[in-house]
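Residue numbers (our numbering), protein chains in the order written: chain A, 384 to 532; chain B, 9 to 256.
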């Protein structure tokens, strides 16, 4: 149990640092970096817990991105900044970047079966992340329209 | 007549800044239409893709166009445009002031130094390597390789500035560095190191944004973004493959 707790802390710290670092590369203003880090950490936390509970990768990614989208809209409201500043650095750990490299690498060295596997995996992960973000977009739009009536 | 022309110019400038710095299409169109709407209830019609901004007003026959030549990511500038357009909608800025602010913002250079970007790339590489299944002993070596790869990419972007070739050169250098690290014996798992250290270069966010654009009905933008991301991924894969065949 202690080992598990340590592992959790390790994952949380690392995911926070990753999102802050990616935010630095993407030139997020300094004051907002902490919030980018927090949204990345929240998303990775849910993703990691879901994987530990034996949920499959695509669904876990979807849950993670749902969390990130929720957090980033919340931060966007309280900080009065566009939500992009929190969700782009947030999703970087979930995003199928490594998978896209593995796909093209397998293609180039001629392992076509593996390339097919990775390309399908890449599409499903990208779809899952985009789905998580879009659900929030749609939900918020519905709420706004209802308020205007 | 004069006034609507100036309004169009300002809207298109705002759209151009947002696109050049990597905003999503729906956000760009929304901002442009909102600026038009808060200026005397004009109804704007806009069309944006990765490479062009078009905007017209329903009350006149004018259409303005801007070509987008270079695209980078600078979320700070997007946030600034957002702040200005909000202030304009709340009547805190006049149209003239908005235009001046945008022109200044358009010409501003990015305010973070190259060194801080490279250090962040190092941190991102190391952390992601451990998160994606690597081990702690490889941490420092991955940071080094990630910094080297990103440094090479940054240098290429400044000097060569050839799209796609930048990524190819950077990933060749990155592959060679990673191989050397394993050869000297300061790292163990080549696969995990490579996966961690290419993360700052790889177009994961671009692929996700492509799916989002497609869903929002921006077909042209979504497809062009997806193709761009795929070519970048192909270049990185090719670079690593070339580096491996050198070193073996």
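The C-beta atom is built at its ideal place from N, Cα and C for all residues, glycine as well.
Please compile the residues from chain B whose C-beta is within a distance smaller than 8 Å of the C-beta of residue i.
i	result
residue 423 (chain A)	None at all; the shortest Cβ gap to chain B is about 10 Å.
residue 398 (chain A)	135 and 139
residue 490 (chain A)	242 and 245
residue 384 (chain A)	None at all; the shortest Cβ gap to chain B is about 21 Å.
residue 500 (chain A)	Chain B residues near residue 500 (chain A): none, gap ~15 Å exceeds 8 Å.
Could you tell me which chain A residues have their CB closer than 9 Å to the CB of residue i, listed as they occur along the chain?
i	result
residue 95 (chain B)	None at all; the shortest Cβ gap to chain A is about 11 Å.
residue 128 (chain B)	403, 404, 405, 406, 407 and 408
residue 56 (chain B)	Under the 9 Å cutoff, chain A gives no residues; its nearest Cβ is about 15 Å from residue 56 (chain B).
residue 249 (chain B)	487, 488, 491 and 492
Can you list, in chain order, the residues of its chain whose CB lies under 6 Å from that of residue i, leaving out five sequence neighbours each side?
i	result
residue 29 (chain B)	82, 85 and 86
residue 398 (chain A)	423, 424, 427 and 476
residue 240 (chain B)	175 and 211
residue 243 (chain B)	172, 175 and 176
residue 229 (chain B)	33, 57, 58 and 221
residue 68 (chain B)	12
residue 251 (chain B)	180, 183 and 184
What residues are listed by DSSP as bridge partners for residue i?
i	result
residue 53 (chain B)	B:64
residue 71 (chain B)	B:64
Compare the Cα-Cα distances from residue i to each of the options and report the closest residue.
i	options	result
residue 476 (chain A)	A:460, A:444 and A:517	A:444
residue 463 (chain A)	A:393, A:526, A:513 and A:415	A:415
residue 478 (chain A)	A:387, A:446 and A:417	A:446
residue 455 (chain A)	A:484, A:418, A:435 and A:385	A:418
residue 65 (chain B)	B:17, B:183, B:180 and B:246	B:17
residue 482 (chain A)	B:93, B:55, B:41 and B:216	B:216
residue 136 (chain B)	B:98, B:93, B:91 and B:202	B:202
residue 207 (chain B)	A:497, A:531 and A:402	A:402
residue 35 (chain B)	B:197, B:49, B:50 and B:19	B:19
residue 226 (chain B)	B:248, B:54 and B:13	B:54
residue 73 (chain B)	B:67, B:80 and B:59	B:59
residue 93 (chain B)	B:209, B:229 and B:26	B:26
residue 213 (chain B)	A:524, A:514, A:510 and A:474	A:474
residue 115 (chain B)	B:252, B:24 and B:101	B:24
residue 103 (chain B)	B:123, B:80, B:14 and B:76	B:14
residue 247 (chain B)	B:218, B:204, B:178 and B:196	B:178
residue 492 (chain A)	B:245, B:236, B:95 and B:255	B:245
residue 468 (chain A)	A:386, A:392, A:388 and A:407	A:407
residue 70 (chain B)	B:205, B:250, B:76 and B:51	B:51
residue 151 (chain B)	B:164, B:182 and B:78	B:182
residue 138 (chain B)	B:233, B:197 and B:170	B:197
residue 237 (chain B)	B:218, B:128 and B:164	B:218
residue 49 (chain B)	B:189, B:78, B:97 and B:255	B:97
Among residues of its own chain, excluding the 5 on either side of residue i, which ones have a beta-carbon nearer than 8 Å to its beta-carbon?
i	result
residue 126 (chain B)	155, 158, 159 and 162
residue 194 (chain B)	148 and 149
residue 508 (chain A)	440, 441, 444, 477, 478, 479 and 482
Please compile the residues from chain A whose C-beta is within a distance smaller than 7 Å of the C-beta of residue i.
i	result
residue 216 (chain B)	474, 478, 509, 512 and 513
residue 208 (chain B)	408
residue 31 (chain B)	467
residue 131 (chain B)	400 and 404
Is there a C-beta anywhere in chain C that falls below 8 Å from the one on residue i?
i	result
residue 41 (chain B)	Note that chain C does not occur in the displayed structure, where the protein chains are A and B.
Name the chain B residues whose beta carbon is nearer than 7 Å to that of residue i?
i	result
residue 468 (chain A)	83 and 87
residue 471 (chain A)	83 and 213
residue 411 (chain A)	83 and 84
What does residue i reach in chain A if we use C-beta pairs closer than 8 Å?
i	result
residue 124 (chain B)	407
residue 223 (chain B)	513 and 517
residue 90 (chain B)	464 and 465
residue 35 (chain B)	465 and 467
Whose C-beta lies closer than 7 Å to the C-beta of residue i among residues of the same chain, with five residues either side of it excluded?
i	result
residue 395 (chain A)	424 and 428
residue 490 (chain A)	498
residue 22 (chain B)	39, 40, 43, 89, 93 and 110
residue 471 (chain A)	409
residue 511 (chain A)	441, 444, 445 and 448
residue 37 (chain B)	54 and 56
Residues of chain B with CB closer than 9 Å to the CB of residue i, please, in chain order.
i	result
residue 526 (chain A)	Near residue 526 (chain A) there are no residues of chain B at all, since even the closest Cβ is about 17 Å away, more than 9 Å.
residue 455 (chain A)	The contacting residues do not exist; residue 455 (chain A) stays about 12 Å from chain B at best.
At a cut-off of 7 Å, is residue i close to the ligand NAD when judged by its beta-carbon and the heavy atoms of the ligand?
i	result
residue 182 (chain B)	Although the ligand NAD was asked about, the structure shown includes no ligands whatsoever.
For the segment 141-209 of chain B, which segments carrying the alpha helix (DSSP H) assignment without a break, of at least 4 residues, lie completely within its bounds, in sequence order?
-> Within the segment 141-209 of chain B, the complete alpha helix (DSSP H) runs of at least 4 residues are 147-167, 173-192 and 198-205.
Which residue spans inside the segment 205-256 of chain B form an unbroken alpha helix (DSSP H) run of at least 4?
-> Counting whole runs of 4 or more residues, the segment 205-256 of chain B contains the alpha helix (DSSP H) stretches 212-223 and 227-255.
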